[in-house]
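Asker:
There are 2 protein chains.
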Amino acid sequence: MPKTGTTVTTGPIWGSTKRYEPVPGHPGIRFPVRRVNLSNGEHFDLYDTSGVYTDETAVIDVDAGLAKTRDAWPRPEPIDGAATQLVWARAGIVTPEMAYIAAREGLAPELVRDEVARGRAVIPANHRHPESEPMIIGKAFAVKINANIGNSAVTSSVAEEVEKMVWAARWGADTLMDLSTGKDIHLTREWILRNAPMPVGTVPIYQALEKVKGDPTLLTWEIYRDTVIEQCEQGVDYMTVHAGVLLRYVPLTAKRVTGIVSRGGSIMAAWCLAHHEESFLYTHFVELCEILRRYDVTFSLGDGLRPGSIADANDEAQFAELRTLGELTKIAKSYGVQVMIEGPGHVPMHKIVENVALEEELCEEAPFYTLGPLATDIAPAYDHITSAIGAAMIAQAGTAMLCYVTPKEHLGLPNRDDVKVGVITYKIAAHAADLAKAHPRAQERDDALSRARFDFRWNDQFALSLDPDTARSFHDETLPAEPAKTAHFCSMCGPKFCSMRISADVRAYALENGLTTPEAIEAGMSAKSAQFVALGSSVYLPVRPL
Amino acid sequence: MPKTGTTVTTGPIWGSTKRYEPVPGHPGIRFPVRRVNLSNGEHFDLYDTSGVYTDETAVIDVDAGLAKTRDAWPRPEPIDGAATQLVWARAGIVTPEMAYIAAREGLAPELVRDEVARGRAVIPANHRHPESEPMIIGKAFAVKINANIGNSAVTSSVAEEVEKMVWAARWGADTLMDLSTGKDIHLTREWILRNAPMPVGTVPIYQALEKVKGDPTLLTWEIYRDTVIEQCEQGVDYMTVHAGVLLRYVPLTAKRVTGIVSRGGSIMAAWCLAHHEESFLYTHFVELCEILRRYDVTFSLGDGLRPGSIADANDEAQFAELRTLGELTKIAKSYGVQVMIEGPGHVPMHKIVENVALEEELCEEAPFYTLGPLATDIAPAYDHITSAIGAAMIAQAGTAMLCYVTPKEHLGLPNRDDVKVGVITYKIAAHAADLAKAHPRAQERDDALSRARFDFRWNDQFALSLDPDTARSFHDETLPAEPAKTAHFCSMCGPKFCSMRISADVRAYALENGLTTPEAIEAGMSAKSAQFVALGSSVYLPVRPL
Numbered sequence: 020m021p022k023t024g025t026t027v028t029t030g031p032i033w034g035s036t037k038r039y040e041p042v043p044g045h046p047g048i049r050f051p052v053r054r055v056n057l058s059n060g061e062h063f064d065l066y067d068t069s070g071v072y073t074d075e076t077a078v079i080d081v082d083a084g085l086a087k088t089r090d091a092w093p094r095p096e097p098i099d100g101a102a103t104q105l106v107w108a109r110a111g112i113v114t115p116e117m118a119y120i121a122a123r124e125g126l127a128p129e130l131v132r133d134e135v136a137r138g139r140a141v142i143p144a145n146h147r148h149p150e151s152e153p154m155i156i157g158k159a160f161a162v163k164i165n166a167n168i169g170n171s172a173v174t175s176s177v178a179e180e181v182e183k184m185v186w187a188a189r190w191g192a193d194t195l196m197d198l199s200t201g202k203d204i205h206l207t208r209e210w211i212l213r214n215a216p217m218p219v220g221t222v223p224i225y226q227a228l229e230k231v232k233g234d235p236t237l238l239t240w241e242i243y244r245d246t247v248i249e250q251c252e253q254g255v256d257y258m259t260v261h262a263g264v265l266l267r268y269v270p271l272t273a274k275r276v277t278g279i280v281s282r283g284g285s286i287m288a289a290w291c292l293a294h295h296e297e298s299f300l301y302t303h304f305v306e307l308c309e310i311l312r313r314y315d316v317t318f319s320l321g322d323g324l325r326p327g328s329i330a331d332a333n334d335e336a337q338f339a340e341l342r343t344l345g346e347l348t349k350i351a352k353s354y355g356v357q358v359m360i361e362g363p364g365h366v367p368m369h370k371i372v373e374n375v376a377l378e379e380e381l382c383e384e385a386p387f388y389t390l391g392p393l394a395t396d397i398a399p400a401y402d403h404i405t406s407a408i409g410a411a412m413i414a415q416a417g418t419a420m421l422c423y424v425t426p427k428e429h430l431g432l433p434n435r436d437d438v439k440v441g442v443i444t445y446k447i448a449a450h451a452a453d454l455a456k457a458h459p460r461a462q463e464r465d466d467a468l469s470r471a472r473f474d475f476r477w478n479d480q481f482a483l484s485l486d487p488d489t490a491r492s493f494h495d496e497t498l499p500a501e502p503a504k505t506a507h508f509c510s511m512c513g514p515k516f517c518s519m520r521i522s523a524d525v526r527a528y529a530l531e532n533g534l535t536t537p538e539a540i541e542a543g544m545s546a547k548s549a550q551f552v553a554l555g556s557s558v559y560l561p562v563r564p565l
Numbered sequence: 020m021p022k023t024g025t026t027v028t029t030g031p032i033w034g035s036t037k038r039y040e041p042v043p044g045h046p047g048i049r050f051p052v053r054r055v056n057l058s059n060g061e062h063f064d065l066y067d068t069s070g071v072y073t074d075e076t077a078v079i080d081v082d083a084g085l086a087k088t089r090d091a092w093p094r095p096e097p098i099d100g101a102a103t104q105l106v107w108a109r110a111g112i113v114t115p116e117m118a119y120i121a122a123r124e125g126l127a128p129e130l131v132r133d134e135v136a137r138g139r140a141v142i143p144a145n146h147r148h149p150e151s152e153p154m155i156i157g158k159a160f161a162v163k164i165n166a167n168i169g170n171s172a173v174t175s176s177v178a179e180e181v182e183k184m185v186w187a188a189r190w191g192a193d194t195l196m197d198l199s200t201g202k203d204i205h206l207t208r209e210w211i212l213r214n215a216p217m218p219v220g221t222v223p224i225y226q227a228l229e230k231v232k233g234d235p236t237l238l239t240w241e242i243y244r245d246t247v248i249e250q251c252e253q254g255v256d257y258m259t260v261h262a263g264v265l266l267r268y269v270p271l272t273a274k275r276v277t278g279i280v281s282r283g284g285s286i287m288a289a290w291c292l293a294h295h296e297e298s299f300l301y302t303h304f305v306e307l308c309e310i311l312r313r314y315d316v317t318f319s320l321g322d323g324l325r326p327g328s329i330a331d332a333n334d335e336a337q338f339a340e341l342r343t344l345g346e347l348t349k350i351a352k353s354y355g356v357q358v359m360i361e362g363p364g365h366v367p368m369h370k371i372v373e374n375v376a377l378e379e380e381l382c383e384e385a386p387f388y389t390l391g392p393l394a395t396d397i398a399p400a401y402d403h404i405t406s407a408i409g410a411a412m413i414a415q416a417g418t419a420m421l422c423y424v425t426p427k428e429h430l431g432l433p434n435r436d437d438v439k440v441g442v443i444t445y446k447i448a449a450h451a452a453d454l455a456k457a458h459p460r461a462q463e464r465d466d467a468l469s470r471a472r473f474d475f476r477w478n479d480q481f482a483l484s485l486d487p488d489t490a491r492s493f494h495d496e497t498l499p500a501e502p503a504k505t506a507h508f509c510s511m512c513g514p515k516f517c518s519m520r521i522s523a524d525v526r527a528y529a530l531e532n533g534l535t536t537p538e539a540i541e542a543g544m545s546a547k548s549a550q551f552v553a554l555g556s557s558v559y560l561p562v563r564p565l
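Those protein sequences? They're chains Z and B, same order as listed. Residue numbers for the first sequence follow the numbering used here, so the first one is 20 and each next one is one higher. Residue numbers for the second sequence follow the numbering used here, so the first one is 20 and each next one is one higher.
1. Between I279 (chain B) and W240 (chain B), what straight-line distance do the alpha-carbon atoms span, to the nearest angstrom?
2. For V358 (chain Z), does the three-state DSSP call read helix, strand or coil?
3. Look at the alpha carbon of K37 (chain Z) and the alpha carbon of T29 (chain Z), and state the distance between them as a whole number of angstroms.
4. Look at the Cβ atom of G417 (chain B), then the Cβ atom of K158 (chain B), and state whether they are nearer than 8 Å.
5. Tell me where the beta strand (DSSP E) around R566 (chain Z) begins and ends.
6. So which residues on chain B does H205 (chain Z) lean against when the C-beta distance must stay under 9 Å?
7. Can you tell me whether T200 (chain Z) is buried or exposed, with buried defined as 16 or more other CB within 10 angstroms of its CB?
8. Any Cβ of chain B within less than 8 Å of the Cβ of Y401 (chain Z)?
9. By the three-class DSSP mapping on this structure, what secondary structure does M544 (chain Z) have?
10. With burial defined as no fewer than 16 other Cβ atoms inside 10 Å of the residue's Cβ, what is the status of E152 (chain B): buried or exposed?
11. Please list the residues of the stretch 372-394 of chain B that have a C-beta atom closer than 8 Å to any C-beta atom in chain Z, keeping them in chain order.
12. Distance check for I521 (chain Z) and R572 (chain B), CA to CA, integer angstroms please.
13. From S58 (chain Z) to N478 (chain Z), what distance separates their C-alpha atoms?
14. Please list the partners that K427 (chain B) has in chain Z, where partner means a Cβ-to-Cβ separation under 7 Å.
15. Please tell me whether V316 (chain Z) and Y257 (chain Z) are closer than 8 Å, where the distance is taken between their beta carbons.
16. Please list, in chain order, all residues of the same chain as A136 (chain Z) whose beta carbon is under 6 Å from its beta carbon, the five residues on each side excluded.
17. Do you know how far the Cα of V177 (chain Z) is from the Cα of V106 (chain Z)?
18. Check for me: the beta strand (DSSP E) holding I168 (chain B) runs from which residue to which?
19. On the three-pair Cβ rule with 8 Å, is the stretch 460-473 of chain Z touching the stretch 325-345 of chain B?
20. With 8 Å as the C-beta to C-beta threshold (strictly closer), list the residues of the stretch 462-476 of chain B near chain Z in chain order.
21. Determine, using beta carbons only, whether A451 (chain B) comes closer than 8 Å to chain Z.
22. Tell me, please, whether the CB atom of H369 (chain Z) is closer than 8 Å to any CB atom in chain B?
23. Kindly examine the ligand ATP and report whether one of its heavy atoms sits closer than 7 Å to the Cβ of E383 (chain Z).
24. Tell me where the alpha helix (DSSP H) around R38 (chain B) begins and ends.
25. Find out if the Cβ-Cβ distance for the pair I156 (chain Z), A140 (chain Z) is shorter than 8 Å.
26. With DSSP run on the structure shown, which of helix, strand or coil describes A101 (chain Z)?
27. For the structure I just gave you, are there three or more beta carbon pairs, one from the stretch 383-399 of chain Z and one from the stretch 420-436 of chain B, closer than 8 Å?
28. Quick check: what's the CA-CA separation for G441 (chain B) versus L393 (chain B)?
29. Looking only at its chain, what residues have a beta carbon closer than 6 Å to the beta carbon of R189 (chain B), apart from the 5 residues adjacent to it on each side?
30. Along the chain, where does the beta strand (DSSP E) containing S319 (chain Z) start, and where does it finish?
Pasting the structure below:
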């Protein structure tokens, strides 16, 4: 590809070093770890999505692209025409990708294989994207997050998008979607794919629309099919296909407050109405399956009729499409193609769980991949927060991957800073859900950080946090001096009085004097309180007659 | 009080004008409304907490303070020694404050009176704070939010705190707590009270501690009592009292990950251990009741043993204290004093509902007032977000007021910008809960904003949002031109293609051609799709034999 001269952000995350650990049973295959080095001599290893960009020993050349590591891994033979993780898992084969994921998540390889075989998890890993580090999307595993980037007709350059991708990986994006709609779509995607350590997804209809000058009515199956093949060849790992937007569902949106807000959904609705024909994505779905399974590209069945407002949540149009996605899920799996299902959107808190329950029932528990949802419509510029509330709750209910929302949602395209805020916010939602689901090891990080906080190991607290740079800078705003990094107080109370310090004193006093049980402390109490205790735990203060 | 020369932020919120509406049955009493003027000629009235500061006709003089409006309102006679909203409500009296609140919330005065009489709602309104605009805290009403401000030994000036108060009111803070711990505590509080349109709360033990040079062991009941009286006289509307931290509960915290993180709780724990006596807040609780009821100051019974980490959530120490708060609630109510209960803290999502259920059971549904809770410990610098997730969920479960958390939590004291981010974030959590609870009128705002969004009435969308200034500036980053404020596209898709525009076209086409039902559209379908439809809604694509 042409020289970009692009430079991206490199170097380790503050307080951490990059390490590679062996994948058991697969000599020569290693997975990445972010090791946080603590001031008390201990260390804490974190799941690492950042790629070689955080390896200070690595030589980064965006023009050359990343090493095509997976090309050297043994690949099982195709089964019945399909060379996918799904068919291999069904055949009882633990692929190198599955072993890698098991080691990375700290779980058993057999669990990974079984969840993939059952269609409850997917491993988006196009054979043509050997640069990617295998990861898994499924409710039995850590909740994942996706970052959307992409230029449009009015903004952004290719180099900017590559840096956004690296930046998103650095802060924790598990997958990336390139939603470019402007010119240079193919070239932008090429640079992203060759440098992306994570799986990359697209919405092929966007590029197909560019090929017909943006007029949806001029789209044809042939143009779309050729675009899909072009992207499969390039290495796209999963594709959003809005094959559930059927002609007869379109009128169900006519009386909505916000109609159809999905780009792909509105394109297909316009095509269906103009031609008075059923969607070519639906009528040619089997041919799509036959294309995707050759590369092991994963379907992300799009929710083209998702609600775009609280008023439209969980309505007839949304759930009619979901039923069709359930039918298509069975077809795709019967062709050996991996499938996940996209979800809303805008949903009030009390209507969130129904979305997960219905998706699992209709789609045989295929991984659910939701955009938020936003829990209210009234906070443009803060929709990373309105959606983090919905995202945490829907992930607790079983959603496997959360598509981030940035502060620019509804207002503009995210810049580099917005991408970071969106990623960190969604790491919070995903981790909160992992805690609520009691995911193995999830709470270890909270406990390690809280111990550092209670011990006033400020730098350890920063290093263990999702964003050490910002935590450090906030602390420095009020207590800039380096000694303050070890001071046994903070700016909230100041040096004279500190609740944490008193609490530490209380603990020490109690332990030293053996006052670690109510009995012990009561035994040592003075007459007055002894008298009180003699009355038992009930209140001896008189309740005033009303 | 001495001249401050302080100036604060004034003027209407962008797109809105200040109005005052009459309180039915109370000539001369009016309540404030923020009227959003829409470009389509309609208008939308919002609950308004901002005080006269957003009234462009008002003359603001911080040194003179706000008008003592409530002094002119008729006040019922004391009953049985108590002059509180609680005893009047029990006597069947609808006070001017209750009528004001009913009009402000759009609910029946009798509902307000009944909820207060039952102790399920409180109206913090010290007779000595006549500048305040009455508001109510209870699960039957809109969820409220509290903003904490206050200087410390190491930061901030008095003038800064007054501006923070006005700024918090502007963006939606329903109540304010002055948590100052440094010098000039009395003076800072005086300036805040005389200029605060909302109820103001404090934690008297902080000032008492200053009087003994920060050594908790030197505290006495007399010093504390005199501090409480001083603050009652000044006009504080509600006070956090950590009377549930009993001597025998202290050892229960010895083995916690983060011990005691509440300042008040750690002060009292230190005192109890040092003196080997029961907390004077507990042993003198009846005297406290007799003081507070003279002014109608509301108890906010503090959770001094709240968990400071995910590991300590819902533990024995926390719930032991809650049981004692339940006993104290009954005593306070028997003395005619209004009571609310403070809650955690740090709680994982799956342990949130238990907190509300237990509080309602033990405290006779006294209003619950929670700090977040934070749903994870791992994101310092983003704890407004980690806690907004927990706050929205706990409010959905029945919490009446949410104490905000700013991005500086755990790291430093919030500046003016942090205060705004904290307030807006908590308005999101509170509104999301109002939607989930189907609070009357809550969804009207979402619908109005979403209609504006779908109609490309950009300025209306901004004006109806929680933060019009930031929404506007984000939009202008990518499409600065004024025409773009009415353009039928945005920077996400650009002018050539826009999903919202296509969706609008689809809707228009469907309506014009009467294609508003599946039947109608099917009737008009071409042969091919007719043939498809003849097969019914089931898929005609072959499922491949496995």
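Beta carbons: idealized from backbone N, C-alpha and C, even for Gly.
Answerer: Reading from the atomic positions:
1. The alpha-carbon atoms of I279 (chain B) and W240 (chain B) are separated by roughly 22 Å.
2. In this structure, DSSP gives V358 (chain Z) an extended state, which the three-state scheme calls strand.
3. 12 Å
4. Remark: C-beta atoms of G417 (chain B) and K158 (chain B) approach each other more closely than 8 Å.
5. As displayed, chain Z neither begins before 20 nor continues past 565, which places residue 566 (chain Z) out of reach and without an answer.
6. Chain B residues near H205 (chain Z): none, gap ~18 Å exceeds 9 Å.
7. buried
8. yes
9. With a pLDDT of only 46 at M544 (chain Z), under 50, the local geometry of the prediction cannot be trusted, and no value is derived from it.
10. Classified as buried, E152 (chain B) has 16 or more neighbouring CB atoms from the shown chains inside 10 Å of its CB.
11. Residues A394.
12. Nothing can be reported for residue 572 (chain B): it is not among the residues displayed for chain B, which extend from 20 to 565.
13. 8 Å
14. Taking the beta carbon of K427 (chain B) as reference, the chain Z residues within 7 Å of it are F493, listed in sequence order.
15. A contact, by the Cβ cut-off of 8 Å.
16. A108, R109
17. About 36 Å.
18. Looking at the DSSP string, the run of the beta strand (DSSP E) that includes I168 (chain B) is 163-168.
19. Counting C-beta pairs closer than 8 Å gives three or more between the stretch 460-473 of chain Z and the stretch 325-345 of chain B, which meets the contact rule.
20. Interface annotation for the stretch 462-476 of chain B against chain Z: Q462, R464, D465, D466, L468, S469, R470, R472, F473, criterion Cβ-Cβ distance under 8 Å.
21. yes
22. yes
23. The ligand ATP is absent from the structure shown, which contains no ligands of any kind.
24. Premise fails: R38 (chain B) lies in the beta strand (DSSP E), 35-41, not in any alpha helix (DSSP H).
25. For I156 (chain Z) and A140 (chain Z), yes; Cβs fall inside 8 Å.
26. Strand.
27. no
28. 13 Å
29. These residues qualify, in order along the chain: S69.
30. 317-320
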